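S.K.:
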Amino acid sequence: MIRGARGFTLIELVVTLAIIGLLAVTAMPVAQMMAKREKEAELRESLRQIRGALDAYRVASQTGHIKTELGASGFPPDLRALYIGVEDAASEKKSMLYFLRRVPRDPFYPDGSVPAEETWGLRSYASPPDAPEPGEDVFDVYSLAPGKGLNGVNYHEW
């Protein structure tokens with residue numbers, strides 16, 4: 328070895344690369360779990376926003392701010408009604424009532440080109456809880472994503 332030469336030997340470089348590779352392999356599942364946890368938090372928040380807006384629409388319907396037919400559930404006919412607004416029947420100025428600025432997208436829905444309101448499964452007021460089906464109104468929403476969350480519950484049951 329030349330006396331003035333400095334640097335790493337080939338063995339030192341191989342060992343260093345092996346250690347870095349091992350660290351990368353162990354860090355990858357943690358990063359994937361963190362990404363899944365973030366999507367689940369976004370799903371939880373989106374469901375909370377939509378369900379809150381559905382409940383607010385129903386309250387407005389029950390208090391006479393939204394005209395409803397006799398025997399109707401009081402829930403909106405579709406998710407679009409939550410952000411395009413409905414006329415306030417109790418207002419003299421005929422102002423509009425808005426319940427959402429926009430419908431949040433299901434973060435697990437695979438196609439980003441689909442409108443946000445079409446990324447959710449819909450349950451009408453008349454459908455049973457164990458077999459949700461769309462109908463004349465929107466009583467609840469659920470995720471169409473397959474699989475289970477980190478808590479072990481299927482996404483469509485959240």
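Oh and the sequence shown: position 38 is 365 in my numbering, straight run, nothing missing.
Just so you know, even glycine gets a beta-carbon here, dropped at the ideal spot from N, CA and C.
Small disclaimer: the values here were computed from a predicted structure and weren't measured.
1) Which two residues bound the contiguous beta strand (DSSP E) that contains R450?
2) Inspect the beta-carbon positions of L406 and E444 and report whether they are closer than 8 Å.
3) Mapping DSSP to helix, strand and coil, what is S373?
4) Could you tell me the alpha carbon to alpha carbon distance between E484 and R364, rounded to whole angstroms?
5) Looking only at its chain, what residues have a beta carbon closer than 6 Å to the beta carbon of N481, apart from the 5 residues adjacent to it on each side?
6) Which one of R428, G391, G398, A408 has the shortest CA to CA distance from V419?
7) Can you name, in chain order, every residue of its own chain whose Cβ lies under 7 Å from the Cβ of Q389, other than the five neighbours on each side?
M.R.: Quick answer:
1) For the purposes of this step, residue 450 is identified with residue 123 of the sequence shown, where counting begins at 1. 447-450 is the extent of the beta strand (DSSP E) around R450.
2) In the sequence shown, the residue the question calls residue 406 occupies position 79. In the sequence shown, the residue the question calls residue 444 occupies position 117. Yes, the pair counts as a contact, with Cβ atoms nearer than the cut-off.
3) On the sequence shown, residue 373 is found 46 positions in, with the first residue counted as 1. If DSSP states are grouped into helix, strand and coil, S373 belongs with the helices.
4) Looking up residue 484 in the sequence shown gives position 157. Looking up residue 364 in the sequence shown gives position 37. If I take the Cα positions, the gap works out to 17 Å.
5) Along the sequence shown, one-based indexing puts residue 481 at 154. K475, listed in sequence order.
6) Along the sequence shown, read from residue 1 onward, the residue named residue 419 stands at position 92. According to the sequence displayed, residue 419 carries Glu and not Val. The shortest C-alpha separation from E419 is found at G391.
7) One-based indexing of the sequence shown puts residue 389 at position 62. Hits under 7 Å: G401.
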